[in-house]
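In this note's numbering, the protein residues as written are 5 to 490. Positions of the beta carbon are idealized from the N, C-alpha and C atoms, including for glycine. In what follows, a structure is listed as structure tokens, so that the remarks can point back to it.
Here is the structure:
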């Protein structure tokens, strides 16, 4: 075999101008593992949003409510006794071997941060909330979105509690998190400004939610350019009343004006504003045209320099039983996804510099080297520089150390699990061949091998994970195939 010895440099990972997140699983679809998503899309996201519910005092708990009440006659997705998300299996007297923790580990091993959306009983005592905070503490710089869309009336928290009670519960939970798990950032997802033609327009229930806006680390809105909200109980047709459409410019102005209003409510101090659920529903616009308005919205963000006040959006979602996904779930086999036209367009969005985390080359280094993983926007890794005569026929890395790594080459990312000995980098060239005599960096980062941070690693363990690399992988590089077939 032919091997090459590369030059080494320390590198640092920094935020994109605008963050790009992805929803993975909800009432509309199952969770899809991160290996599959990475192979499909070619790069990791900043955050992966997973959706859970916690009503431990209800008689049906801990069953998923659609299974516990499968014979119940319902006419709307949220007619069940509590929300039809996956049950949160942690809390008082429970361990963290199940869900959502296995999914959270999967997300973090693959170089991404977790956003946990949790609808939760507002009557729970501090004891319950402290148990949840301790569950989340090992998972680094994650985000917790508590009782989202609380300006509405469809979720269980809005049906059981007043807006004042929902706001007060959010503040109480935030205060407990700051004591028990300060690494967890909180997201308050309320409403938006009501009147776009009124610069002083209030947001929904702002008096009741004032303290929540002031307490949250991040503000959020769930907005769709088009949404069939009657799914799956009717078929979306032109004369139906179960869908809504928002023009791109109206959508953008609502975000911008709401960001200003939230800042005013917070005594002039700005917070990042994100859209935690965003898409154009293919049920409304058709799958062939689903990406058109999404791309127009992105161009509007860029034209308006929205990154100065806008923190990013989360595409809802990777796989969906309806038409809100990059894939649609095969009705015959839920483990199979059918790619939609939006997937190809979204892969181009992922390559846009506006959404691309920045990798900065620092000083030259030698081994051993300790790599630091803080988050998908803050990490220290190493670069191996190689010179390629042309597009190779074989390009592989062989490892002796058992390391958990994320590897980037030629714009494509690869995952290496601890037990993996060889990583085949050739897919980086299948759609993106190179010119002759190209110098190229292999970028390597080391997110947590178990998906969790450990207190054994030092005083800053809740924020940072450390991994030491003692030996480089060997590079197998060949420019010709082994033998042709006549």
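- By DSSP's assignment, residue 268 forms no beta bridge with any residue.
- Here DSSP, grouped into helix, strand and coil, assigns residue 303 to helix.
- Three or more Cβ pairs closer than 8 Å define a contact, and the segment 109 to 118 meets that threshold against the segment 34 to 44.
- If you compare the alpha carbons of 60, 321, 261, 430 with that of residue 485, the shortest gap goes to 430.
- DSSP places residue 18 in the uninterrupted beta strand (DSSP E) bounded by 11 to 18.
- For residue 244, same chain residues with a beta-carbon under 8 Å away, outside a window of 5 residues either side, are 234, 238 in chain order.
- If you keep only unbroken alpha helix (DSSP H) runs of at least 4 residues inside the segment 192 to 268, you get 210 to 219.
- A direct Cα-Cα distance of roughly 34 Å separates residue 281 from residue 407.
- Secondary structure at residue 407: coil, using DSSP grouped into helix, strand and coil.
- The three-state reading of DSSP puts residue 298 in helix, counting H, G and I together.
- Taking C-beta atoms as the reference points, residue 175 and residue 147 fail to come closer than 9 Å.
- In the pairwise beta carbon analysis, the segment 77 to 97 is classified as not touching the segment 399 to 413: fewer than three pairs are separated by under 8 Å.
- C-alpha of residue 289 to C-alpha of residue 327: approximately 10 Å in a straight line.
- No Cβ-Cβ contact shorter than 9 Å links residue 20 with residue 321.
- The continuous alpha helix (DSSP H) containing residue 350 extends over residues 345 to 354.
- Counting of Cβ neighbours within 10 angstroms places residue 427 among the buried residues, the total reaching 16 or more.
- As DSSP reads the structure, residue 447 sits in a beta bridge with 387, 412.
- Closest by C-alpha distance to residue 105, out of 387, 134, 456, is 456.
- Per the coordinates, the alpha-carbon of residue 224 lies some 19 Å from the alpha-carbon of residue 160.
- Residue state for residue 72 is assigned as helix, using DSSP reduced to three classes.
- Residue 131 is not a Cβ neighbour of residue 171, given a cutoff of 9 Å.
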